[in-house]
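For reference, the structure discussed in these notes is given below.
Numbering (this note's numbering), first residue to last: 587 to 732.
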């Protein structure tokens, strides 16, 4: 059964689209803005991506599959985390889509996160994404990342 809540977040990054794309797909860069998470796997359609990290003192693991990729335009993948409190079943995986549009040396990045279980999960997730994108902007715009 599909879950009905979703997030849509827009951010403009003062960096070219190729730099934003690299930040979304390069494990070394992901670790710098995404709370130190280790990303394991090759970003290629059909491949599994594993996420390992620590959140508020607790180790976690997430995973998903790359569903669609168009270099420097679109990245869509599924995602499930053992911290979600939900079973590791396909109906509980979030679908995360990044859409990128370059314009005059800037990039408009739109994130859509679908299949969230509740309003509370939607709100918590939106706050996390905002922090992640703030960190991403600082990294690419050469400001110190917290």
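From the three backbone atoms N, C-alpha and C, an ideal C-beta is built for every residue, glycine too.
Remember, it's a predicted structure, so these values are computed and weren't measured experimentally.
Exercise. Pull up the distance between the alpha-carbon of residue 590 and that of residue 703, whole angstroms please.
Key: 7 Å
Quiz prompt | Proximity winner among 661, 620, 631 and 635, relative to residue 641 (alpha-carbon distances) | solution = 620
Quiz item: Taking DSSP as the reference, what is the three-state secondary structure of residue 658?
Solution: coil
Quiz item: When the cut-off is 9 Å and only beta carbons count, does residue 601 lie next to chain B?
Solution: In the structure shown, chain B cannot be found, because there is only a single protein chain.
Quiz item: Is the number of C-beta pairs between the stretch 651–670 and the stretch 682–700 that are closer than 8 Å three or more?
Solution: yes
Practice problem: Spatial neighbours of residue 679 within its chain, please: CB distance less than 8 Å, with the 5 preceding and 5 following residues excluded, ordered by chain position. | Solution: 650, 664, 665, 666 and 701
Quiz item: Just the Cα atoms here: how many angstroms apart are residue 624 and residue 647?
Solution: 10 Å
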